[in-house]
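Numbering (the numbering used here), first residue to last: 176 to 375. Idealized CB from N, CA, C, for every residue including glycine. Just so it is clear, the structure is predicted and the values come from calculations on it, not from any experiment. Presented below is the structure to which this report refers.
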Amino acid sequence: METASANNEFQSVHDRFRPRVLRYLARLVGEAEAEDLTQSVMLKVSEGLPGFRGDSSVSTWIYSIATNAAMDRLRRKTIQTISETEFESDEGDAPAGPQAPSVEATAIREEMSACIREFIERLPDNYKAVMVLSELEGFKNDEIASILELSLDTVKIRLHRARERLRKDLGLGCSFHRDEDGDLACDRKPTATITVRKRS
């Protein structure tokens, strides 16, 4: 009976979270690799679920597993690799604390167009992870801190810097306008060429 109960519990978790994990990983590593990575993540969830103690929410726990898997994959492929020493060493003197929502953050919440999503996905890995979790997946800052195993201040700093970077890149690459429903939308500028920078 216990085995059947455990299987039912995992099936429920699998059905609920697999589509979300697949979408999340596609944004971090690309659609081509997201499917296989999702299978790996859900296997780890299956193995770890019986011992899950509930120290965090199931959602936070699963996204933490998915994030670690994505970061490992990106590091192995050396895609937009940023050493921990580089980006941690220059974050200490940045202003911490809550930041007022940027125009881009508002635009993302109002209408998450493919154009804006693409520019988020071009961000360096450490910025991309916090932006995807915050703006696309809807996690709060303290939840992001738990998922990424960072301090709350570091999450706030990275979000601030990611939004600043995104604002600059969107300014170069997109034209913002109001659509016929009055919602903020963006169109790619025909000649836009954005270089992915490794450091701000």
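Terminal residues of the alpha helix (DSSP H) in which residue i lies
i	result
Glu206	206 to 223
Leu334	327 to 348
Glu312	First-last for Glu312: undefined, no H or E at that position.
Glu324	Segment: none, Glu324 is in no alpha helix (DSSP H) and carries neither H nor E.
Nearest-angstrom Cα separation, counted from residue j out to residue i
i	j	result
Asp230	Glu184	18 Å
Leu212	His189	14 Å
Arg195	Ile237	10 Å
Arg292	Pro225	35 Å
Ala271	Arg342	Model confidence at Ala271 stands at a pLDDT of 43, short of 50, so the residue's coordinates are unreliable; what they give is reported in the following sentence. If I take the Cα positions, the gap works out to 19 Å.
Glu312	Glu318	11 Å
Arg193	Met217	7 Å
Arg191	Leu345	33 Å
Glu324	Met306	15 Å
Val220	Gln186	11 Å
Leu203	Cys290	16 Å
Glu222	Arg297	33 Å
Arg248	Ala304	13 Å
Glu206	Asn182	28 Å
Three-state secondary structure (DSSP) of residue i
i	result
Gln255	At Gln255, the pLDDT of 41 sits below 50, so the modelled position is not reliable; the number obtained from the coordinates is stated separately. Three-state DSSP puts Gln255 in coil, outside helix and strand.
Asp230	coil
Arg297	coil
His189	helix
Gln274	Residue placement at Gln274 is poorly supported in this model, since its pLDDT is 48, which falls under 50; the coordinates still yield a value, given next. Three-state result, Gln274: coil.
Gly267	Note that Gly267 has pLDDT 49, beneath the 50 cutoff, so the model's placement of it is unreliable and no number is given.
7 Å CB neighbourhood of residue i in its chain, flanking five on each side removed
i	result
Tyr302	Arg333, Arg336, Ala337, Arg340
Ala209	Leu197, Leu200, Ala201
Met246	Asp300
Cβ neighbours of residue i in the same chain (closer than 8 Å, five flanking residues each side left out)
i	result
Ile322	Thr235, Tyr238, Ser239, Thr242, Leu308, Phe314
Ala320	Ser326, Leu327, Thr329, Val330
Asn316	Ser309, Leu327, Val330, Lys331, Leu334
Ser215	Ala244
Phe227	Val233, Trp236
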